[in-house]
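**Q**
2 protein chains.
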Amino acid sequence: MANESAKRPLLSGLVDPPKYPQKNTTTKRKRFLRSKSAPSVDILLGPTEVGGTLPDSKLNSIYFRPSLKQVVLYLVIYLGAGAACFYLVKDQLAGRKTNGVLDAIYFSIVTMTTVGYGDLVPNSVTTKLLASVFVFTGMAIVGMLLSRAADYLVEKQEMLLYKALHMRCKGGEAHMLKQIETNKVKYKFYTTAVILVLLITIGTVFLWKVEKLEFVDAFYCVCSTITTLGYGDKSFSTGGGRAFAIFWIVTSTVCVAQFFLYLAELNAEHRQKLLAKWVLTRRMTFVDLEAADLDDDGVVGAAEFIIYKLKEMGKISEEDIALVMEEFEDLDIDQSGTLSAADLVLAQSNQ
Amino acid sequence: MANESAKRPLLSGLVDPPKYPQKNTTTKRKRFLRSKSAPSVDILLGPTEVGGTLPDSKLNSIYFRPSLKQVVLYLVIYLGAGAACFYLVKDQLAGRKTNGVLDAIYFSIVTMTTVGYGDLVPNSVTTKLLASVFVFTGMAIVGMLLSRAADYLVEKQEMLLYKALHMRCKGGEAHMLKQIETNKVKYKFYTTAVILVLLITIGTVFLWKVEKLEFVDAFYCVCSTITTLGYGDKSFSTGGGRAFAIFWIVTSTVCVAQFFLYLAELNAEHRQKLLAKWVLTRRMTFVDLEAADLDDDGVVGAAEFIIYKLKEMGKISEEDIALVMEEFEDLDIDQSGTLSAADLVLAQSNQ
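Quick mapping for you: the protein sequence lines, in order, are chains A and B.
Each residue of the first sequence is one higher than the one before, starting from 127 at the first, in the working numbering.
Each residue of the second sequence is one higher than the one before, starting from 127 at the first, in the working numbering.
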């Protein structure tokens, strides 16, 4: 990435030791580390915590993240239903046919992923409407289920890739985890790129050797498939080819989609970092100081400064702040402008 | 939407007058409104401000939002280059042909949007590789340029839709703008749905009346096209049909993609609101109080409370806070834990 150097000054500040020897860094670190004890949603919702130690099981239902088992289950049910329908009306499908069951599954996959070769096409009103419904629901399924599952899988693969790339580097497991955490999207992007190259290679070799296509045609068919273009002049025509295609098409089309998704995320993250840098390095004026002074006491505390700057970065909105402020005012029974233990006892006994 | 009622208690709090008559609401409102003066990125980057009054022209380059003109320009260049290439090698395209130039543009569009009917297919090594490259770059272009342009256009249409839906309702322009702002994604979703139904109708009628397909076939071809499935058994075969297809395919495929995008956003927003509600209504414990107390003074100020709760909601991360804290400590020359005008003068004369 060409923009790595632009990011480093921002990130290194978090990883490196503090660079201001003239100040009492111990107290600062302490004050700053205190906020670590606030629960972050990421931690609350981490894969290890889900299922047992959550403070409220409602969180599970709010952030519904399907497990791999669930994704496979839903997909099998959806494809099973689709394939069963198309098997029942298999005489109303025209085109190059192999085994009845295999063709029904293959047709379902080619339709769901919107590849649509056209080597098998519906030729009755029933099958045409069936395919129309199936492709819309398929898009939703692929978008919602598979994309999440792929993200989860890529996250798991990241660590392997990092290990392979930095085999000779010093720094233990903790260093690695920190590196991956800081450059999460970047490693996801690289991992997806590696998997994509593998899938393209496997697909091309398969079409070339097993389906006996010319080498260029095999590559062209791979490109046409993974982008969901699917002209259909070259496709999987043998039983073995279609059995392979069932797995390969789903994997590779989802992989390409994730590749572009991470590319966009990487781009957004880069812009966000540039903006953060701009917001943090720009000159603070007296007008800013006054505007940031939330409680009107003439000075800006650390928390006020954080809110002001994060708002400027677009991370939080006026609406977010207003929402939380309402709750704060409910709890601040004595209207002192601060919450104390006494406020909490009073507020909660009132409820 | 079935979950509207769940959202209302949260949103209404922002729009309705405060509901706690026992408290001195004037001072509270004042304190709360103070933070309005902090510049929000949304405001800084609003369409009216871009071009002139921005405090730093760098912001423009950070948040690169192509104008409609730019999108159209890039698209014309990209498609023009593609069509020119395919026109030069038009003898290496096989299939149903009409006018040379029209076919080249039509083939470019069908490829770029990954519809890939297969009614025109490359049949030489050059055209096959050309199409492979063109579809990958096309995906990136559609994803990056068109999606942003569509979002912009939908935002403009929103207001028209809202006006049409609430013609007899009281409440002026300001009320409408507030309503749209609060339910932005919902109105975008509805607007896209309306446009989508229009595009489906236009496409079906066109294929039925002009391309002389059966009515069911016309609808089936529309579904097959807008989802980018493109089996290719039914497609645009006349010159007039292809001229229409050039515009209709781009619009409708982007529209379907946006439809699913907004659906996902709506879903994410709903979960985010549920989470916010859960975070705000759950009982605050003494442990929370201690954890939220960023400056260790024994009480939790409004700003500290906001940071603690927004972090719990996942809106801001530990990393965000750490980044801003570093800047704060740089500015806080006298290490009082607060920023005053004196700190600013000292800090900036040091630089």
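Note that the Cβ used here is the ideal one computed from N, Cα and C, for glycine as well.
As the structure is a computational prediction, the values presented were derived from the model and not from experiment.
Rank A:V382, A:G367, A:L322 by C-alpha distance to the C-alpha of L355 of chain A and give the top, closest one.
**A** Within the first sequence, the letter at position 229 stands for residue 355 of chain A. Looking at the Cα atoms, A:V382 is the closest of the given residues.
**Q** Exposed or buried, what is E337 of chain B when buried is set at 16 or more other beta-carbons lying within 10 Å of its beta-carbon?
**A** The residue labelled residue 337 of chain B in the question sits at position 211 within the second sequence. The residue is buried, with at least 16 neighbouring Cβ atoms inside 10 Å.
**Q** How many Å lie between V405 of chain B and K195 of chain B at the Cα?
**A** For the purposes of this step, residue 405 of chain B is taken as the residue at position 279 of the second sequence. For the purposes of this step, residue 195 of chain B is taken as the residue at position 69 of the second sequence. Cα-Cα distance, rounded: 44 angstroms.
**Q** Establish whether the CB of V261 of chain A and some CB of chain B are separated by less than 8 angstroms.
**A** Here residue 261 of chain A is taken as the residue at index 135 of the first sequence, counted from 1. Yes, V261 of chain A counts as interfacial toward chain B.
**Q** Identify whether T464 of chain B lies in helix, strand or coil by the three-state DSSP scheme.
**A** Translated into the one-based positions of the second sequence, residue 464 of chain B becomes position 338. Strand, per DSSP.
**Q** Whether or not the region 204 to 221 of chain B and the region 241 to 261 of chain B are in contact is what I'm after, with contact meaning three or more pairs of Cβ atoms, one per stretch, closer than 8 angstroms; do they touch?
**A** Yes, they touch.
**Q** Can you check whether the C-beta of E453 of chain B is within less than 8 angstroms of a C-beta belonging to chain A?
**A** If you number the second sequence from 1, residue 453 of chain B lands on position 327. Yes - at least one Cβ of chain A is within 8 angstroms of the one on E453 of chain B.
**Q** Going by C-alpha distance, which of A:S443, A:F431, A:E444, A:A448 is nearest A448 of chain B?
**A** Taking the first residue of the second sequence as position 1, residue 448 of chain B is located at position 322. Of the listed residues, the one whose Cα sits closest to A448 of chain B is A:F431.
**Q** In or out: S462 of chain B buried (at least 16 other Cβ within 10 Å) or exposed?
**A** Here residue 462 of chain B is taken as the residue at index 336 of the second sequence, counted from 1. Exposed: under 16 other Cβ atoms inside 10 Å.
**Q** Considering only residues of the same chain and omitting the five flanking positions on each side of Q474 of chain A, which have a CB-CB separation below 7 angstroms?
**A** On the first sequence, residue 474 of chain A is found 348 positions in, with the first residue counted as 1. Same-chain partners within the cutoff: there are none.
**Q** Nearest-angstrom Cα distance between S378 of chain A and F412 of chain B?
**A** What you label residue 378 of chain A is simply residue 252 of the first sequence in a count that begins at 1. What you label residue 412 of chain B is simply residue 286 of the second sequence in a count that begins at 1. Cα to Cα, the separation comes out at about 51 angstroms.
**Q** DSSP three-state label for V247 of chain A, please.
**A** The count along the first sequence starts at 1 and reaches residue 247 of chain A at position 121. The answer is strand: DSSP assigns V247 of chain A an E or B state.
**Q** Since F412 of chain B meets chain A, which of its residues come closer than 8 angstroms, beta carbon to beta carbon?
**A** Numbered from 1 along the second sequence, position 286 holds the residue referred to as residue 412 of chain B. Simply A467, L470.
**Q** Can you name, in chain order, every residue of its own chain whose Cβ lies under 6 angstroms from the Cβ of F341 of chain A, other than the five neighbours on each side?
**A** The count along the first sequence starts at 1 and reaches residue 341 of chain A at position 215. Excluding positions up to five away in sequence, the list reads W334.
**Q** Going along chain A, which residues have a C-beta under 8 angstroms from V450 of chain B?
**A** On the second sequence, position 324 is the one that residue 450 of chain B refers to. The answer, in chain order, is L406, F431, I432, K435, L436.
**Q** Considering only their Cβ atoms, is the gap separating G365 of chain A from L228 of chain A smaller than 8 angstroms?
**A** As a working note, residue 228 of chain A is residue 102 in the first sequence. As a working note, residue 365 of chain A is residue 239 in the first sequence. Yes, the Cβ-Cβ distance between L228 of chain A and G365 of chain A is below 8 angstroms.
**Q** Got a sec: is the Cβ-Cβ distance from Q196 of chain A to anything in chain B below 8 angstroms?
**A** If you number the first sequence from 1, residue 196 of chain A lands on position 70. It does not: the Cβ of Q196 of chain A has no partner Cβ on chain B nearer than 8 angstroms.
**Q** Relative to the C-alpha of A344 of chain A, which candidate in B:E445, B:C211, B:T224, B:K254 has its C-alpha closest?
**A** Mapped onto the first sequence, residue 344 of chain A falls at position 218. Ranking B:E445, B:C211, B:T224, B:K254 by Cα distance to A344 of chain A puts B:K254 first.
**Q** Based on the DSSP output, what are the partners of V426 of chain A in its beta bridges?
**A** Here residue 426 of chain A corresponds to residue number 300 of the first sequence, with the count starting at 1. DSSP, once it has assigned bridges, lists B:L465 as partnering V426 of chain A.
**Q** Can you check the region 305 to 346 of chain A for any alpha helix (DSSP H) of at least 4 residues that lies completely inside it and give the ranges in chain order?
**A** The region 305 to 346 of chain A contains these whole alpha helix (DSSP H) runs: 310 to 335.
**Q** Taking Cβ positions only, does S378 of chain A come closer than 8 angstroms to chain B?
**A** Translated into the one-based positions of the first sequence, residue 378 of chain A becomes position 252. No, because no Cβ of chain B sits closer than 8 angstroms to the Cβ of S378 of chain A.
**Q** Give the single residue among A:D458, A:E416, A:D422, A:Q398 whose Cα lies nearest to the Cα of L436 of chain A.
**A** Position 310 of the first sequence holds residue 436 of chain A. Nearest of A:D458, A:E416, A:D422, A:Q398 to L436 of chain A, Cα basis: A:Q398.
**Q** Here's the rule: buried if 16 or more other CB atoms are within 10 angstroms of the residue's CB, otherwise exposed. What is I321 of chain B?
**A** Residue numbering aside, residue 321 of chain B sits at position 195 when the second sequence is read from its first letter. So I321 of chain B ends up on the buried side.
**Q** Residues in its own chain within less than 6 angstroms of G358 of chain B by CB, not counting five upstream and five downstream?
**A** Here residue 358 of chain B is taken as the residue at index 232 of the second sequence, counted from 1. Within the same chain, G358 of chain B has close Cβ partners Y243, G244, D245.
**Q** Residues in the same chain with beta-carbon distance under 8 angstroms from V426 of chain B, minus the five sequence neighbours each way, listed in chain order, please.
**A** For the purposes of this step, residue 426 of chain B is taken as residue 300 along the second sequence, with counting starting at 1. So the list reads L415, A418, D419, Y434, once near-sequence residues are dropped.
**Q** What alpha helix (DSSP H) runs, 4 residues minimum, are completely inside the region 386 to 458 of chain B?
**A** Taking only runs of at least 4 residues, the alpha helix (DSSP H) segments lying wholly in the region 386 to 458 of chain B are 412 to 418, 428 to 438, 444 to 457.
**Q** Going along the chain, which residues of its own chain have a beta-carbon closer than 6 angstroms to the beta-carbon of D421 of chain A, five neighbours each way excluded?
**A** The count along the first sequence starts at 1 and reaches residue 421 of chain A at position 295. So the list reads G463, once near-sequence residues are dropped.
**Q** Can you give the Cα-Cα distance for T327 of chain A and C349 of chain A, rounded to whole angstroms?
**A** Translated into positions along the first sequence, residue 327 of chain A becomes position 201. Translated into positions along the first sequence, residue 349 of chain A becomes position 223. Using only the alpha carbons, I get a separation of about 11 angstroms.
**Q** For a cutoff of 8 angstroms on Cβ pairs, would you count G208 of chain A as touching chain B?
**A** Indexing the first sequence from 1 puts residue 208 of chain A at position 82. Answer no: the Cβ-Cβ gap between G208 of chain A and chain B never drops below 8 angstroms.
**Q** So G208 of chain A is in the beta strand (DSSP E); what residue range does that whole segment cover?
**A** The residue you call residue 208 of chain A lines up with position 82 of the first sequence. From DSSP, G208 of chain A is part of no beta strand (DSSP E) but of the alpha helix (DSSP H) over 194 to 214.
**Q** Among the candidates B:Y213, B:T353, B:A266, whose CA atom is the shortest distance from the CA of V238 of chain B?
**A** Counted from its first residue, the second sequence places residue 238 of chain B at position 112. Reading off the sequence, residue 238 of chain B comes out as Met, not Val. With distances taken between Cα atoms, M238 of chain B lies closest to B:A266.
**Q** For chain B, check one thing: does any of its Cβ atoms lie closer than 8 angstroms to the Cβ of V247 of chain A?
**A** As a working mapping, residue 247 of chain A is identified with position 121 in the first sequence. Yes - at least one Cβ of chain B is within 8 angstroms of the one on V247 of chain A.
**Q** Considering L219 of chain B, what are the terminal residues of the beta strand (DSSP E) in which it resides?
**A** Taking the first residue of the second sequence as position 1, residue 219 of chain B is located at position 93. Run containing L219 of chain B: 219 to 221, per the beta strand (DSSP E) assignment.
**Q** Of all Cβ atoms in chain B, is any one closer than 8 angstroms to the Cβ of S258 of chain A?
**A** What you label residue 258 of chain A is simply residue 132 of the first sequence in a count that begins at 1. Yes, S258 of chain A lies at the interface with chain B (some Cβ there is under 8 angstroms from its Cβ).
**Q** From A:V261, A:F212, A:I203, pick the residue whose C-alpha is nearest to that of F386 of chain B; which is it?
**A** Counted from its first residue, the second sequence places residue 386 of chain B at position 260. Answer by Cα proximity: A:V261.
**Q** When the Cα of A371 of chain A is compared with those of A:G208, A:N309, A:S234, which residue comes out closest?
**A** Stepping through the first sequence from its first residue, residue 371 of chain A is reached at position 245. Considering only alpha carbons, the answer is A:S234.
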